[in-house]
Amino acid sequence: MTTLESLLDEEERIQFAHFDHDLAMQIGLELVSRARADALAIAIDVSAFGQCLFHAAMPGASPDNAAWIRRKINVVHRFGRSSMYMGELCRSRGTTLEEKYMVDPSEFSPHGGSFPVRLRGSGLVGTVTVSGLPQLDDHRLVVSVLEQVLSGD
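Residue numbers (full-length UniProt numbering): 1 to 153.
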């Protein structure tokens, strides 16, 4: 299980000096590359500045995955934390997002897979989101790619 502290640490470490369309494309294409290599039936979304900059649905992904992406993104935009963090936070407190914050579960999904794109010293500007795997795997895939991109590999 992922701890709240480790999830917050990821969010602190994974921040960008800049973010643009080219970087969104690089992140999206790396997610596609990994999905192809492991035959992952996932949908991928990279959004920033109020628009979708990259979206792909791999073979086997369904329209439901796009709906999950939308609901996970809504969590990040509303709470400013990864969808994984918000789900773990609620579980640790013995509640649900719906009970604690009175949100509609058809609009908000606190399951792993959507990660905030933050500009260091500035704040939240977007999200990188994956849907189609178990939630921890969705989360780890996104984090792994973001770490790789930030390291310059």
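Quick reminder that beta carbons are idealized off the backbone N, C-alpha and C, glycines included.
Nearest to residue i by alpha carbon, out of the options?
i, options, result
"Ser-83", "Pro-63, Ala-61, Ser-62, Glu-107", "Glu-107"
"Arg-36", "Ala-17, His-21, Ala-56, Ser-47", "Ala-56"
"Val-145", "Phe-79, Gly-94, Thr-3, Ile-44", "Ile-44"
"Leu-136", "Leu-150, Glu-99, Tyr-85", "Tyr-85"
"Val-46", "Gly-152, Ala-61, Gly-132, Pro-116", "Pro-116"
"Gly-80", "Ser-122, Met-25, Val-32", "Ser-122"
"Gly-112", "Asn-74, Asp-38, Ala-24, Leu-29", "Asn-74"
"Thr-3", "Gln-51, Glu-88, Met-102", "Glu-88"
"Val-76", "Leu-7, Gly-126, Leu-8", "Gly-126"
"Arg-78", "Met-102, Leu-31, Glu-12, Arg-34", "Met-102"
What residues match up with residue i in a beta bridge as DSSP calls it?
i, result
"Gln-51", "Ala-48"
"Thr-127", "Ser-47, Pro-116"
"Phe-16", "Leu-119"
"Ala-56", "Ile-44"
Taking DSSP as the reference, what is the three-state secondary structure of residue i?
i, result
"Ser-114", "strand"
"Asp-132", "Checking the sequence, you will find Gly at residue 132 rather than Asp. Coil, per DSSP."
"Leu-40", "coil"
"Phe-108", "coil"
"Ala-61", "coil"
"Arg-140", "helix"
"Val-145", "helix"
"Gln-71", "Correcting the residue type first, residue 71 is Arg in the shown sequence and not Gln. If DSSP states are grouped into helix, strand and coil, Arg-71 belongs with the helices."
Can you round the beta-carbon distance between residue i and residue j to whole angstroms, since I take them to be within the 8 Å contact cut?
i, j, result
"Ile-27", "Val-128", "6 Å"
"Phe-19", "Leu-119", "6 Å"
"Val-143", "Glu-10", "6 Å"
"Cys-90", "Pro-110", "6 Å"
"Lys-72", "Ser-114", "4 Å"
Beta-carbon within less than 7 Å of residue i's beta-carbon, same chain only, minus the 5 sequence neighbours each way: which residues are those?
i, result
"Pro-105", "Glu-98"
"Leu-7", "Ser-82, Met-84, Tyr-85, Glu-88"
Give every residue of the same chain whose Cβ lies closer than 6 Å to the Cβ of residue i, excluding the five residues on either side of it in the sequence, and list them in chain order.
i, result
"Leu-16", "Here residue 16 turns out to be Phe, not Leu, going by the sequence shown. The answer, listed in chain order, is Leu-119."
"Asn-65", "Ala-43, Ser-131, Gly-132"
"Ser-151", "none"
Could you pull out every residue in the same chain whose Cβ sits closer than 8 Å to the Cβ of residue i, ignoring the five residues on either side in sequence?
i, result
"Leu-23", "Phe-16, Val-149"
"Phe-49", "Val-125, Gly-126"
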